[in-house]
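Asker:
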Amino acid sequence: MDITHGNVYGGPNIGIYAVACDGYLLVPSGFTPSKAQNLADALQVPWHAVSVSGTRLSGAMSVHVKSKILLPKTVLESEYDILSGVADVHIIDVRYTALGNLICANRRGAIVSPLLNSTECRIIQDVLDVEVVRMGIAGMEQSGSLAKTNDVGTVVHPLADEHEMRYISDVLHTRVEPSTINNGVPYVASGILANNKAIVVGGQTTGPEIMMLTRAFIG
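Residues in the sequence shown are numbered consecutively from 10, following the working numbering.
1) Note down the Cα distance separating VAL141 from ARG104, rounded to an integer number of angstroms.
2) Could you check where the alpha helix (DSSP H) with LYS44 kicks off and where it finishes?
3) Quick one: what's ARG184 bridged to in DSSP?
4) Mind checking LEU168: buried by the 16 CB within 10 Å criterion, or exposed?
5) When you compare the CB positions of ILE78 and LEU66, do they come within less than 8 angstroms of one another, or not?
6) Grab the span of the beta strand (DSSP E) containing ASP97 for me, first residue to last.
7) Can you say whether SER43 is buried or exposed, counting buried as having 16 or more other CB atoms within 10 angstroms of its CB?
8) Under 6 angstroms Cβ to Cβ from ASN247, same chain only, skipping five residues before and after it: list those, please.
9) For PRO187, which residues from the same chain have a beta carbon less than 6 angstroms from its beta carbon, with the 5 sequence-adjacent residues on both sides left out?
10) How long is the line joining the alpha carbons of HIS172 and SER152, rounded to whole angstroms?
11) What ranges does the alpha helix (DSSP H) occupy inside the region 64-136, keeping only unbroken runs of at least 4 residues that lie completely in it?
12) Give the single residue among ASN110, ASP138 and ASP11 whose Cα lies nearest to the Cα of ALA27.
13) Rounded to a whole number of angstroms, what is the C-alpha to C-alpha distance between ILE201 and LYS157?
14) Have a look at the DSSP bridge pairing and note the partners of ARG175.
15) GLY153 by DSSP, collapsed to three states: which one?
16) Three-state secondary structure (DSSP) at LEU168?
17) Report back the beta-carbon spacing between ALA45 and ALA69 to the nearest angstrom; my notes put them in contact at under 8 angstroms.
18) Look up ALA29 in the DSSP assignment and give the residues it is bridged to.
Below you can see the structure in the form of structure tokens.
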């Protein structure tokens, strides 16, 4: 598995604007095709361009795992129609719409924000058919932005404690390592695109950060 650098809109916050899984890469509408193809080639998947809820924040607004897409209730009908041709789409009717910032999931489990109630967690569990656990990380509630996972490894906010990391490992069934991204940013999901084929990180990610990512995702 390779770890490479990439940027989106001239900046390193690739995980906010784009999102990847084993089947495809999703970029916002209007994204430069050549740049989308470069990211897709690195991740070894085809790419699709579509906005989510009328925004460019595809990574922050949606969750993609097990050929399923979780979308907020604010998704537009035109977006739903396009995404339905990409994967199995499920609209999650929850108060908070930035689902990608609230949910960190792989094929075995999901860590979700304490901001979501038990009923909402059961819906997510039924859709993804994995164990769902509500927990914050490092004293914060935006669990999806504080951790990034695939089916092998997970990186988390550098202030996550040993108990949190062990628990996350038990739920997601992966190695877990603390790290930052893009030269010190603790919200690791903001600068990572990950699937089970490759990892792309924001262009400001340093060598020591790459080493921590390697420990998590490659071993």
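Glycine included, every Cβ here is placed at the ideal spot set by N, Cα and C.
Answerer: On the basis of the coordinates in this document:
1) Distance between the alpha carbons of VAL141 and ARG104 is about 18 angstroms.
2) Looking at the DSSP string, the run of the alpha helix (DSSP H) that includes LYS44 is 42-52.
3) Answer is GLY162, bridged to ARG184.
4) So LEU168 counts as exposed.
5) Not closer than 8 angstroms, so no.
6) 97-101 is the span of the beta strand (DSSP E), which, as asked, contains ASP97.
7) Per the 10 Å Cβ criterion, exposed.
8) There is simply no residue 247 to check, as the chain begins at 10 and stops at 228 in what is shown.
9) Apart from sequence neighbours up to five positions away, the residues of its chain that approach PRO187 with a beta-carbon distance below 6 angstroms are VAL165, PRO167 and ALA169, ordered along the chain.
10) Using only the alpha carbons, I get a separation of about 15 angstroms.
11) Taking only runs of at least 4 residues, the alpha helix (DSSP H) segments lying wholly in the region 64-136 are 67-70, 86-93 and 108-111.
12) Closest in alpha carbon position to ALA27, among ASN110, ASP138 and ASP11, is ASN110.
13) Roughly 7 angstroms between the two C-alpha positions.
14) Residue pairing by DSSP leaves ARG175 without any beta bridge partner.
15) DSSP places GLY153 in the helix class (H, G or I) of the three-state scheme.
16) Collapsing the DSSP output to three states places LEU168 in coil.
17) With a Cβ gap of about 18 angstroms, ALA45 and ALA69 do not count as contacting.
18) Looking at the DSSP output, ALA29 bridges to LEU34.
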